[in-house]
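Shown next, in structure tokens, is the structure this report addresses.
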């Protein structure tokens, strides 16, 4: 599904729109508008979502469905699946810096996402699971945890999938990252408990 993500004032979403700090290394866009067209049903769905710090994630505040084809599916017009759009849109709204230099530019998670739909590139996933890569590992855990939490997805499952580790290892790494001062202000109520 192709999703068009913009700021509430109609600008194309970019790292520049990510102005709100979340955690130790992430910035997010405070709000976004995302639109997807389902060619099969002839229905366009637009959602607007806003980040609520007290909930630690994006909350959908508006959903608009409209027919865009003469032979649209009435049932699909009445029922929407905004969570799928939200999941695809979130990586466009989360930004990070890939190095610590003062001149480092911000990039969105979507810019890092590979063609296979993965959030972190395979080379990065392989590097952070090696022994002795703690700070780098915690930074990647924060990226993945933050992305999952903001989209109201289970972070343990996402981390396990992205880094190709057992869920128990992912849960342990979440707890250790939090203890090391990462994941500040991020909590998840989805999936297995993992230290917040």
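Numbering (my numbering), first residue to last: 24 to 219.
We put the beta carbon where it would ideally sit given N, CA and C, even for glycine.
Minimum C-alpha distance to residue 86 - residue among 142, 70, 162: Put simply, of 142, 70, 162 the residue whose alpha carbon is nearest the alpha carbon of residue 86 is 70.
Option nearest residue 19 by Cα separation, candidates 171, 160, 91, 84: Because the chain here runs from 24 to 219, residue 19 falls outside it and cannot be looked at.
Secondary structure of residue 167, DSSP reduced to three states: In this structure, residue 167 counts as helix in the three-state DSSP scheme.
Cβ neighbours of residue 168 in the same chain (closer than 7 angstroms, five flanking residues each side left out): Here the set comprises 178, 182, 197, 206, 209.
Exposure label - residue 249; buried when at least 16 CB within 10 Å: In the structure displayed, the chain extends from 24 to 219; residue 249 sits before or after that span and is not available.
Integer Cβ distance of residue 91 from residue 117, believed to fall under 8 angstroms: Not confirmed; about 29 angstroms, so no contact.
Inter-residue spacing [alpha-carbon to alpha-carbon] between residue 156 and residue 53: Rounded to whole angstroms, residue 156 to residue 53 spans 31 angstroms at the Cα level.
Endpoints, beta strand (DSSP E) assigned at residue 75: Per DSSP, the unbroken beta strand (DSSP E) holding residue 75 starts and ends at 66–75.
Sequence-distant residues of the same chain with beta carbon closer than 7 angstroms to residue 65, five excluded per side: Non-local C-beta neighbours of residue 65 in its own chain, meaning closer than 7 angstroms and more than five positions away in sequence, comprise 90, 91, 92, 94, 95, 96, ordered along the chain.
Where residue 176 falls: helix, strand or coil (DSSP): In the three-state reduction of the DSSP assignment, residue 176 falls in the coil class, being assigned neither a helical nor a strand state.
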